[in-house]
Amino acid sequence: MVTRVGNTPTRTGHRSSYRDPRREWSTSLIVLLLSEQVLERKLAAGELSCPGCGACLVPWGFARRRVIRTLGGSRTIVPRRARCSSCKMTHVVLSSEVVPRRRDDAGVIGHTLLRAANGARAAEIAREIGRSRETVRNWISRFSNNALAAEVIGTQALFRFDAHADPMRLVWRATPLARAVEALGLCVAALVRLFGPLRPGTTPWSVVNVVTGGHLLSAELGP
Ligand SMILES: [Zn+2]
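Numbers in our numbering are just positions in the sequence shown, counted from 1, shifted up by 398.
Below is the structure:
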């Protein structure tokens, strides 16, 4: 499962040129459930297609190194860049744990949203995960603004994976944020029922990151 993030394509894939990080993120692809080795193999075999024109992507160096914070610590990633063999646009390929433009991975942000959906206060969550209260408030506020769209996206995906799901289950959640988290969670559960357990290293929030096109906290989220 591959999804495109952002609307603004970069104009160059030249490895030595200056790259504005905002533009770099803007053409990110998120690849779900692939190890880096599998990604390399698929890229080399021309099995990943350009989100702009559908032609095959070829390896095109690497994006800048960055540190991603997880619930267990942090890790350094050097995302792969790929270039379209036809339209020549370049794309940054991210694994599903990486949320574009965020230093924290999908597991950290998702944990925060799940705790907020269950009534935990921002200060309490901030203490648990070792982030500032402002950061946690910001995530909750941004996701709350997206809650309706996230609920729709989660519910639509849920019915794609499980035609017999019970939509009334969402009604019983008290807040829009909680309904959105519930819908996204049900969608992941349905996907697991259909395709089997997630691969090691992939969290339910990695799946949510892909289902929401990397826009979990961005104003661009829309069904
Ligand atoms: Zn293309």
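All C-beta atoms, glycine included, are put in the ideal place defined by N, C-alpha and C.
All values reported here derive from a predicted model rather than from experimental measurement.
Please work out which residues of its chain come closer than 8 Å, Cβ to Cβ, to residue i, disregarding the five sequence neighbours upstream and downstream, and give them in chain order.
| i | result |
| --- | --- |
| leucine 592 | Phe559, Asp560 |
| tryptophan 537 | Ile507, Thr510, Leu511, Leu615 |
| arginine 513 | Glu522, Ile523, Glu526 |
Apply the 10 Å Cβ neighbour rule to residue i and answer buried if 16 or more other Cβ atoms are within range, or exposed otherwise.
| i | result |
| --- | --- |
| cysteine 448 | buried |
| tryptophan 570 | exposed |
| cysteine 485 | exposed |
| serine 530 | exposed |
| arginine 516 | Correcting the residue identity first, residue 516 is asparagine in this sequence and not arginine. Exposed. |
| threonine 600 | buried |
| valine 436 | exposed |
| proline 602 | buried |
Please report the distance separating the alpha-carbon of residue i from that of residue j.
| i | j | result |
| --- | --- | --- |
| alanine 518 | glycine 452 | 44 Å |
| proline 457 | valine 606 | 26 Å |
| lysine 440 | leucine 492 | 14 Å |
| isoleucine 507 | histidine 562 | 29 Å |
| threonine 488 | arginine 481 | 4 Å |
| alanine 678 | aspartate 503 | With the chain covering 399 to 621 only, the question about residue 678 has no answer from this structure. |
| serine 604 | arginine 525 | 23 Å |
| arginine 500 | arginine 567 | 31 Å |
| glycine 450 | isoleucine 475 | 25 Å |
| glutamate 434 | proline 477 | 9 Å |
| asparagine 442 | arginine 463 | Looking at the sequence itself, residue 442 is alanine, so the reference to asparagine does not match. Their backbone Cα atoms lie some 22 Å apart in a straight line. |
| histidine 412 | proline 498 | Confidence in histidine 412 is poor, its pLDDT being 33 and thus under 50, which makes the residue's placement too unreliable to answer from. |
| proline 598 | glycine 444 | 25 Å |
| phenylalanine 460 | valine 608 | 21 Å |
| threonine 573 | glycine 470 | 29 Å |
| alanine 594 | glutamine 554 | For the record, residue 594 in the displayed sequence is glycine; it is not alanine. Approximately 20 Å, taken between the alpha carbons. |
| alanine 617 | serine 539 | 11 Å |
| glutamate 438 | proline 565 | 39 Å |
Counting only the same chain and skipping the five closest in sequence on each side, list residues whose C-beta sits under 6 Å from that of residue i.
| i | result |
| --- | --- |
| leucine 511 | Phe541, Val579 |
| glutamate 549 | Arg577, Ala578, Ala581 |
| leucine 446 | Lys440, Leu455 |
| arginine 535 | Ala520 |
| glycine 552 | Ala581, Leu582, Cys585 |
Looking at the unbroken beta strand (DSSP E) that takes in residue i, where does it start and where does it end?
| i | result |
| --- | --- |
| arginine 479 | 478-482 |
Is residue i close to chain B, meaning its C-beta is less than 8 Å from at least one C-beta of that chain?
| i | result |
| --- | --- |
| arginine 439 | No chain B is present in this structure, which holds just one protein chain. |
Starting from residue i, trace the alpha helix (DSSP H) in both directions and tell me its first and last residue.
| i | result |
| --- | --- |
| glycine 505 | 504-515 |
| serine 604 | 602-609 |
| valine 456 | It is not in any alpha helix (DSSP H) - valine 456 instead sits in the beta strand (DSSP E) that spans 455-460. |
| threonine 553 | 545-559 |
| glycine 471 | Note, glycine 471: premise wrong, no alpha helix (DSSP H); beta strand (DSSP E) at 471-475. |
| arginine 525 | 520-527 |
| valine 586 | 574-593 |
| valine 436 | 434-442 |
Going by the CB atoms, is the gap between residue j and residue i shorter than 8 Å?
| i | j | result |
| --- | --- | --- |
| leucine 584 | leucine 556 | yes |
| serine 494 | isoleucine 428 | yes |
| valine 490 | arginine 479 | yes |
| glycine 505 | threonine 533 | no |
| valine 496 | isoleucine 527 | no |
Could you name the residues of the same chain whose beta carbon sits closer than 7 Å to that of residue i, not counting the 5 residues immediately before and after it, in chain order?
| i | result |
| --- | --- |
| leucine 619 | Asn544, Ala547, Ala548, Thr610, His613 |
| alanine 588 | Leu556, Phe559, Asp560, Ala563 |
| valine 590 | Leu596 |
- How would the residue list near ligand 2 read, in chain order, if you kept each one whose beta-carbon is closer than 6 Å to any heavy atom? The ligand content of the structure shown is limited to ligand 1, which means ligand 2 is not among them.
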